[in-house]
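What follows is a set of notes on a single structure, which appears directly below.
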């Protein structure tokens, strides 16, 4: 079945960086637009970045534009999120999933930005 395993989160000071990874399995990864989502405490889960793959479109929500970079390795079925200049508002659980035809969510990876 479709599975996502996120990793790479942690505790970081404002201005710091993290690189998240998501290993996907159970479907033809390269055919799907993949996205990174996050859910902050008390808020709904939101799509923050997506990559259609194959040199197609990449887009970010305004709050992370210029600081976060999404990329993917279709040979390894992995999608990455490079996060720089982190802010306390970036504190959330981060998930990956297909943008269309979403599957069950993984466990996510916690990112906490605090001094």
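In the numbering used here, the protein residues as written are 1 to 115.
We treat Cβ as the ideally placed atom computed from N, Cα and C, and that holds for glycine.
Own chain residues within Cβ distance below 8 Å of residue i, not counting five before or after
{"i": "residue 37", "result": "45, 46, 47, 48, 94, 95, 96 and 97"}
{"i": "residue 100", "result": "32 and 33"}
DSSP state of residue i mapped onto helix, strand, coil
{"i": "residue 101", "result": "coil"}
{"i": "residue 29", "result": "helix"}
{"i": "residue 90", "result": "helix"}
Residue i: CB within 7 Å of a non-hydrogen atom of the ligand MN
{"i": "residue 41", "result": "Absent from the structure shown: the ligand MN. Ligands present: none."}
7 Å Cβ shell around residue i - same chain, five flanking residues per side excluded
{"i": "residue 115", "result": "13 and 14"}
{"i": "residue 60", "result": "48, 49 and 68"}
{"i": "residue 29", "result": "74 and 77"}
Beta-carbon proximity check, residue i vs residue j, cutoff 8 Å
{"i": "residue 72", "j": "residue 53", "result": "yes"}
{"i": "residue 33", "j": "residue 51", "result": "yes"}
Assigned exposure category for residue i - 16 Cβ within 10 Å defines buried
{"i": "residue 35", "result": "buried"}
{"i": "residue 86", "result": "buried"}
{"i": "residue 42", "result": "exposed"}
{"i": "residue 89", "result": "exposed"}
Close beta carbons around residue i, own chain, < 6 Å, minus the five adjacent residues each side
{"i": "residue 2", "result": "26, 27 and 103"}
(message) If contact is defined by three or more beta carbon pairs under 8 Å, each pair taking one atom from either stretch, is the region 62-80 in contact with the region 14-33?
(response) Yes: at least three Cβ pairs fall under 8 Å.
(message) Taking contact to mean 3 or more Cβ pairs, one atom from each stretch, closer than 8 Å, check whether the region 59-73 and the region 2-15 are in contact.
(response) No contact exists between the region 59-73 and the region 2-15.
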